[in-house]
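Asker:
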Amino acid sequence: MIRSVLKGCGSALPANCVSNAALAERVDTSDEWIRERTGITQRYLAGEGETTGSLGTAAAQAALDDAGLTIADIDLIVLATATPDNTFPATATRIQHALGGKGFPAFDVAAVCSGFLYALGTADAMLRAGMAKRAIVIGAETFSRILDWEDRTTCVLFGDGAGAFVIEAQDVAEDGPGILATRLHAQGEHGDLLYVDGGPSTTGEVGKLRMKGREVFRHAVVNLAEVLGEVLDEAGFVPADIDWVVPHQANQRILDATAKKLGLSGDKLVVTVDQHANTSAASVPLAFDVAKRDGRIKPGDLVMLEAMGGGFTWGASLLRV
669 MIRSVLKGCG
679 SALPANCVSN
689 AALAERVDTS
699 DEWIRERTGI
709 TQRYLAGEGE
719 TTGSLGTAAA
729 QAALDDAGLT
739 IADIDLIVLA
749 TATPDNTFPA
759 TATRIQHALG
769 GKGFPAFDVA
779 AVCSGFLYAL
789 GTADAMLRAG
799 MAKRAIVIGA
809 ETFSRILDWE
819 DRTTCVLFGD
829 GAGAFVIEAQ
839 DVAEDGPGIL
849 ATRLHAQGEH
859 GDLLYVDGGP
869 STTGEVGKLR
879 MKGREVFRHA
889 VVNLAEVLGE
899 VLDEAGFVPA
909 DIDWVVPHQA
919 NQRILDATAK
929 KLGLSGDKLV
939 VTVDQHANTS
949 AASVPLAFDV
959 AKRDGRIKPG
969 DLVMLEAMGG
979 GFTWGASLLR
989 V
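If you're matching positions, the sequence shown starts at 669 in the working numbering and goes up one per residue.
1) According to the Cβ coordinates, are Thr749 and Glu818 closer than 8 angstroms?
2) I'd like to check one pair, Gly829 with Ser679: are the Cβ atoms closer than 8 angstroms?
3) Using the C-alpha atoms, what's the distance from Gly866 back to Glu873?
4) I need the DSSP call for Met794, collapsed to helix, strand or coil.
5) With DSSP run on the structure shown, which of helix, strand or coil describes Gln838?
6) With a 10 Å radius around its C-beta and 16 neighbouring C-beta atoms as the bar for buried, classify Met669 as buried or exposed.
7) From which residue to which residue does the alpha helix (DSSP H) around Lys675 run?
8) Provide the residue span of the beta strand (DSSP E) that contains Thr981, from first to last.
9) In three-state DSSP terms, what is Val695?
10) Please work out which residues of its chain come closer than 6 angstroms, Cβ to Cβ, to Ala903, disregarding the five sequence neighbours upstream and downstream, and give them in chain order.
11) From which residue to which residue does the beta strand (DSSP E) around Arg964 run?
12) DSSP has Val971 in a bridge; who is on the other side?
13) Pick out whichever of Asp839, Gln729, Asp924 and His916 has its Cα sitting closest to the Cα of Asp935.
14) At the level of alpha carbons, what is the spacing between Asp942 and Ser698?
15) Measuring only the C-alpha atoms, how far is His944 from Ala797?
16) Using beta-carbon positions only, say whether Ala984 and Val895 come within less than 8 angstroms of one another.
17) Is the CB of Ala727 under 8 angstroms away from at least one CB in chain C?
18) Please report how far the alpha carbon of Gly968 lies from the alpha carbon of Glu704, in whole angstroms.
19) Where does the unbroken beta strand (DSSP E) through Asp776 begin, and where does it stop?
20) Does Asp865 come out as helix, strand or coil in the three-state DSSP assignment?
21) Excluding five sequence neighbours on each side, which residues of the same chain lie with their C-beta closer than 8 angstroms to the C-beta of Arg964?
22) Looking at Leu795: is its Cβ nearer than 8 angstroms to the Cβ of Ile763?
23) Taking only runs of the alpha helix (DSSP H) that begin and end inside the segment 807–858, which ones reach a length of at least 4 residues, in chain order?
24) Along the alpha helix (DSSP H) that carries Leu732, what are the first and last residues, could you check?
25) For Ile702, which of helix, strand or coil comes out of DSSP?
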């Protein structure tokens with residue numbers, strides 16, 4: 669059977685690492701307040717000259733290096749982002765050019781924190797349909813550019829960064845590697861719970877992030893537990909079969925509650941929210957890259973990726989490395 673097989677991964681972070689204590693110097697908050705409510709201890713914030721495109725390019729190049737490939741081997745780029753460099757052109761095309769590629773399709777996907785799952789699902793479908801052979805799938809964000817730095821309930825939660833996968837269509841055995849199942853969802857009626865209060869066709873301005881945290885938490889735990897169950901059922905596995913869960917790094921409390929609802933051991937979760945905060949579409953591939961590089965995720969492991977974001981959108985994908 670044809671599956672999209674992971675060939676390499678990579679990530680990139682801005683140069684500026686900002687601790688909770690440093691953040692408290694500009695925002696009415698404290699290290700203790702942030703740690704207790706979120707588990708976050710630091711985040712990376714983009715500086716002058718650092719953009720979603722530059723971070724995405726660095727992550728993509730790192731993934732190519734990890735795969736032992738060059739841009740000449742790639743025929744598709746899908747970028748997940750809610751913070752593109754420009755309204756248009758697609759930031760994916762800027763990344764394509766920066767990497768030295770040309771001619772093949774490159775486009776952006778907007779599903780906020782679930783964006784990488786949407787982008788991965790899209791690329792997987794295109795590879796299995798024969799529309800491409802190898803793809804770079806990227807999640808990259810500079811959320812610091814859309815935060816209200818007067819709102820301590822939201823600005824302390826987010827960071828900037830990028831992560832990327834290189835995937836390749838391969839004919840594999842049933843028990844072989846690759847993306848085994850993906851399920852994606854959206855429910856637009858909850859769009860006013862997590863959103864940006866601006867846009868080209870409404871205010872003509874970028875706007876700032878707004879969130880009703882308690883309601884988002886409640887929906888996240890239920891939706892994520894349900895979609896993980898759907899993916900496991902489709903692939904023919906049970907929670908105990910999973911080696912690692914790489915969740916969207918939104919909040920330590922959400923991670924713990926979701927694992928508990930599924931009966932998953934906390935030591936199966938890859939957690940980077942303490943180091944990176946919530947990097948939206950970048951958080952899943954960024955966390956995956958950390959765990960692969962430090963040796964936790966190994967060839968043959970069964971890994972569940974999951975995320976939920978504004979829209980609401982949510983999804984999960986099961987991958988055998």
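Each residue gets a CB set at the ideal place from its N, CA and C atoms; glycine is no exception.
Answerer: Well, looking at it:
1) no
2) yes
3) 6 angstroms
4) helix
5) strand
6) exposed
7) First-last for Lys675: Ile670 to Ala680, but that is the beta strand (DSSP E), not the alpha helix (DSSP H).
8) Thr981 to Arg988
9) coil
10) Leu848, Ala849 and Leu986
11) Careful: Arg964 lies outside any beta strand (DSSP E) and carries neither H nor E.
12) Trp912 and Leu987
13) Asp924
14) 15 angstroms
15) 35 angstroms
16) yes
17) Here there is only one protein chain, and chain C is not present.
18) 36 angstroms
19) Ala774 to Val777
20) coil
21) Trp912 and Val938
22) no
23) 820–823
24) Thr720 to Ala735
25) helix
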